[in-house]
Amino acid sequence: MLKPNTNYNNLKDSYLFYRISQKVAKYLDEHKGSRVLRLGIGDVSLPLCKTVIDALHKAVDDQANKSTFHGYMPECGADFFKKAVAGYYEKRGVKLLEDEVFVSSGASDELGDILDLFDKSDSVLVIEPAYPAYVDANVMVGREILHLSSGKENGFLPLPDESVKADLVYICSPNNPTGAVFDKQSLKKWVDWANARGAVILFDAAYEAFIEDDTLPHSIFQIDGARTCAIEICSLSKTAGFTGTRCGYTVIPKELERGGMNLNAMWVRNRTTKTNGVSYILQRGAAAVFTDEGLKEIYENIAIYKQNAKCIMAALDKLGIWYCGGKNAPYIWLKCPKGMSSWEFFDYLLDKAQIVGTPGEGFGSCGEGYFRFSTFGSVEDTKEAARRLVELLQDK
Ligand code: PLP
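At position 62 of the sequence shown the residue is numbered 44 (my numbering), and the sequence of numbers has no breaks.
In C-alpha cells form, the structure reads like this:
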C-alpha cells in the first residue's frame, strides 16, 4: 500500500504569515476604511530597474527570431549568467570558476533542494531566531534538527563550540529576522568549526547587497577555509526586486568533498536530472543586474529601503527601544516595549496604530518578546508608521 510522507504531520500547523494575514483581514473587516500600514512581510515594493527591464525586453525579442532563439538552456546556468555572477564575486576579491556557479529560481527552492546532497541521518543545526523555511524543509525529510538559540547577549550572532555537534548548519548573514551580520572573525570561527568536524555550512546570503559596512563579509568565500566547507545560496529577490520574477544562484566550490564524494559534481548530476534550468529570458534579465549600470540602479533602490530603515530607527531611538539590524540589512529587530510578548505587541500595534509587523516568536521560541519590522514598504507608509509609533509609545 502507498505510504505518504508522514513527516508532514510534524510540520507546525499555522504558518506565521498566514496567521498575520488572518488577523489583519479580521481587523479590516471590523474597522472598514482604516489605513493599515504593512511593515510585516519581506516583499519588495519597488519595480525592477531599467537596465533589467531593457534586457528582459530584448531577450523576449531574441526568442522571436530563428537566429537568436534559444530552446533548452544548460541546466546549471547559461555561460553568460555564470560569468556575470563570477565577475560580481571577483569585485569582492573572491575568485570563482564559472562551473562553481549554478543558476536557480531563487533561494527558497535551493535551501530545501540542496538537502538532496546529504544523507537523511545527517543532523542539521538551525540558529534561531531563523527564517522558518530552514526548519520546515528539514522536517519534511525527517531530519534531526538541532536548535541553537541566540539573544541580545551575543548580538544574535552565536559562535560554535565543542558542544555544537551537527553535520549541517544554516547561517544567514545578514540575518532574517534580526538584521545582525557576522563579521569576518566570527564567520571564520564557524568555518574552522565546520572544517574540523567535517560539517557543511549552508550560507544564505539573500541580503548581502544591503551590507554597507565594508569590513563585513558579503560572501562566506571571503573567509579562508570556506571553499572546503561551505555552499552559498543567494537570490536576486531582495538584491534586485526579483521576488515575483524569480532568479538566484548557488555557489559550490570544486574542493568541497565529503565521504569521498564531490558535492559540486553531485549537484551537477542533481540539476541535470531534476531541472531544465531557468529560462533564457530570465537569465538575461538577471545577468543585467551585474552590469555597471544595473548595479548602480539596484543600489539606488536599496538606498530607498535604507532611508525607510533610518526613519524607523530614528523613531525607536526617540522612544529608547532596544533594536538591532537596519544598518546592513532590510530588517529591524526590536525588543517589545512594556514587557509585552510578541503577539501581544502585534495586537497592540494593529489595534492602536494600525501598524502590521512580524512577531519574533514566529522565528523560533527565543524570538519571544521581540518584533520585526521590514523596511521594504513604501516611503510614505514607513514615514507614517514611524510617526504613529512615536505618538503611541512616547511617555505622555
Ligand atoms: N532566505 C531568506 C533568509 C529569506 O528571507 C528569503 C525570503 O524572504 C529567502 C531566502 C527566499 O528568497 P527567494 O525569493 O529567493 O526564494
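No residue lacks a Cβ here, since even glycine has one placed at the ideal position from N, Cα and C.
All values reported here derive from a predicted model rather than from experimental measurement.
Assign residue i to one of two classes, buried (16 or more other C-beta atoms within 10 Å of its C-beta) or exposed (fewer than that).
| i | result |
| --- | --- |
| Q4 | exposed |
| Y113 | buried |
| M243 | exposed |
| D11 | exposed |
| W304 | exposed |
| M295 | buried |
| A178 | exposed |
| N157 | buried |
| Q45 | exposed |
| Y70 | buried |
| Q336 | buried |
| L(-16) | exposed |
| A50 | Contrary to the premise, residue 50 reads as Thr rather than Ala in this sequence. Exposed: under 16 other Cβ atoms inside 10 Å. |
| F62 | exposed |
| Q265 | buried |
| R17 | exposed |
| Y54 | exposed |
| D274 | exposed |
| S347 | exposed |
| H13 | exposed |
| H129 | exposed |
| T255 | exposed |
| Y(-10) | exposed |
| S103 | exposed |
| H39 | exposed |
Under the criterion of a Cβ to heavy atom distance below 8 Å, does residue i qualify as lining the ligand PLP?
| i | result |
| --- | --- |
| C154 | yes |
| T160 | no |
| Y113 | yes |
| G124 | no |
| K21 | Looking at the sequence shown, residue 21 is not Lys but Leu. The answer is no for L21. |
| S217 | yes |
| S90 | yes |
| R228 | yes |
| L93 | yes |
| D118 | no |
| Y(-10) | no |
| Y189 | yes |
| F224 | yes |
| G24 | yes |
| D377 | no |
| D186 | yes |
| K220 | yes |
Could you check what DSSP says for residue i in three-state terms: helix, strand or coil?
| i | result |
| --- | --- |
| C154 | strand |
| E110 | strand |
| W315 | strand |
| H200 | coil |
| S74 | Correcting the residue type first, residue 74 is Arg in the shown sequence and not Ser. Reduced to three states, the DSSP call for R74 is coil. |
| S86 | strand |
| D377 | coil |
| E275 | helix |
| E214 | strand |
| L184 | strand |
| T227 | coil |
| V338 | strand |
| C306 | strand |
| L97 | helix |
| H13 | coil |
| G358 | Per the sequence presented here, residue 358 reads as Phe, with Gly not at that position. Here F358 sits in coil by DSSP. |
| Y54 | coil |
| R20 | strand |
| Y379 | Absent from the structure is residue 379, since the part of the chain shown begins at -17 and ends at 378. |
| S324 | helix |
| L332 | helix |
| T232 | strand |
| L30 | coil |
| L38 | helix |
| S347 | helix |
| I280 | helix |
| S3 | helix |
Does the beta carbon of residue i come closer than 9 Å to any beta carbon on chain C?
| i | result |
| --- | --- |
| D174 | The chain inventory of the structure shown lacks chain C, comprising one protein chain alone. |
At which residue ranges does the region 234 to 271 contain complete alpha helix (DSSP H) runs of 4 or more residues, listed in the order of the chain?
The qualifying runs are 245 to 256, 262 to 271.
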